[in-house]
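Accompanying notes for the structure given below.
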Amino acid sequence: MNTNMTIRCATCEQEIDCRIGYSNRRIQPLTFSCPHCGSSLSITLDISDAPRSQFSFDGCAPSETRASGPFQGHNPFIDLHLDFPVRFWKYEMGKTPWLMAMEDLRVALGADMESAHEIFQLHNLKLNALNELYEKAGELKRLINLYHGNNKQLFQRRASSFLEEPEEKSLLPQDVNASLYRVIAKAFFPFTVSSAGREISEMMPRFLYQLDKDRLGEFIDELDDSSFLAVLQRDCLKIYPRIFDAELPLRPALFLDLTGNGTSTKIATRISTHDFLGVKDLYKDIVEILGRQLVLVAGLNNLGHRGDANSFKVIDGGVLSDLKKFSAKTLSDKFKYLDDCWYLWDDNAFNLGLRNALAHNNVHYDGVAQLITYCPGGGRLETSEGETISLLEFMRLLLVAFREMHNLHHVIKSLFYYKYLIHDIRGGRNSV
Ligand SMILES: [Zn+2]
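Those letters in the sequence shown? Residues 0 to 431, per numbering that gives the first Met the number 0, in order.
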């Protein structure tokens, strides 16, 4: 379903033609920049009383002068839809955001419309789950925070309630962790690729078993005594609720799972809720965590190749003395020391130039064009030439980086299980 309306910007008092495609989300906040003056405008569609639709406006109002019938082309035109990338182009009757998304999918698959519809149903499953889960985002945030509190019993009770299962009474760390990871799996499945997580979870025990038990034990003790593993897990857990805060602009990025990562699509299309300022730090923070997760990858890699977590391969005639030295390296340097690595990371998660620019606040966002311009060199005078990516590309980057963090979180989970179930019992440590 679609609604056509002409709105008047409250700031510049000029008009914009909008075609609003309906998502199944109960509340659909659509935000965009006025094409005349750049002011941020919002139209919120509420379908709580469907088939009635209610609109509310911020920074704009419905035009009183609009004639009925198709748009005449006098005003700039904007397509809006929460769930898909949309084009800002000339109005054409019938070429709705949904239909154009199906067409993109059909072309990407090289298939007919019927097959495109079938594949689309997979995406729809995730969207429908999101439509239910976003209503529980507050409950989820509180539940994840409870995990770090002292009342594990309360955490278990709330986790069982969220999972809609009988209450798990055990307060053993492995059982509390099991609840936590089941909550995460259920709550975040629309954002993740579950097969990747499953693969890592299944591979990790096999990988750990083939390592020297004493040396692996020393590595785990080191991670435990320094609280590195616990702090890293806590920081990963802080990211998950923030993904729900970014749920709206992530929806079109999820659609690209179906159509692929084609750059042209990403540049030509836009997001109907442009909240770059609200999500820009999230990417920086995820990449920071990825940098620390690589310390685990490196330690295990060293154990596998050289039988010692602190033993690195000689690179360019030099060698790192230990993991502490590795952890102080920049992210781009860290990759050099992961020789013939057991873990295959996704290069698409890393845009280190953008990450640096975000850290130094050398980023400019043009809301009308939905373009992010950044200086990878940190904004020095000689590198004032900026690089540009679209907001949709950025959201895709954020999604892929989150998935990488989530996958590496499975490594953290596996190390905890190894510690609780094997190492602590073997070494006589009391883990409760
Ligand atoms: Zn305006």
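Glycine included, each C-beta is placed from N, C-alpha and C at the ideal position. If you're wondering where the values come from, they're calculated on a predicted model, not measured in any experiment.
- Annotation: the continuous alpha helix (DSSP H) that includes M99 extends over 96 to 108.
- Per the coordinates, the alpha-carbon of L44 lies some 17 Å from the alpha-carbon of E131.
- Distances between the C-beta of C8 and the heavy atoms of ligand 1 include at least one below 7 Å.
- Taking C-beta atoms as the reference points, S47 and G58 fail to come closer than 8 Å.
- For E392 against P375, the beta-carbon gap comes to about 15 Å, at or over 8 Å, which does not count as contact.
- When DSSP states are grouped into helix, strand and coil, N74 belongs to the coil group.
- Taken through DSSP and simplified to helix, strand or coil, Q232 comes out as helix.
- The bridge partners DSSP lists for Q53 are D45.
- Note that the segment 274 to 288 does not touch the segment 181 to 192; fewer than 3 beta-carbon pairs, one per stretch, sit closer than 8 Å.
- Per DSSP, the continuous beta strand (DSSP E) segment holding M4 begins and ends at 1 to 8.
- Judged by DSSP in its simplified three-state form, D16 adopts strand.
- Between ligand 1 and the CB of Q13, the shortest heavy atom gap is smaller than 7 Å.
- Beta-bridge annotation (DSSP): L40 is paired with F31.
- Approximately 7 Å separates the beta-carbon atoms of A400 and L289; this is inside 8 Å, confirming the contact.
- Closest in alpha carbon position to F31, among T64, N23, P75, E63, is P75.
- Taking a contact to require three or more Cβ pairs closer than 8 Å, the segment 353 to 362 and the segment 228 to 238 do not qualify as touching.
- For the 8 Å CB-CB criterion, L210 and G303 form a contact.
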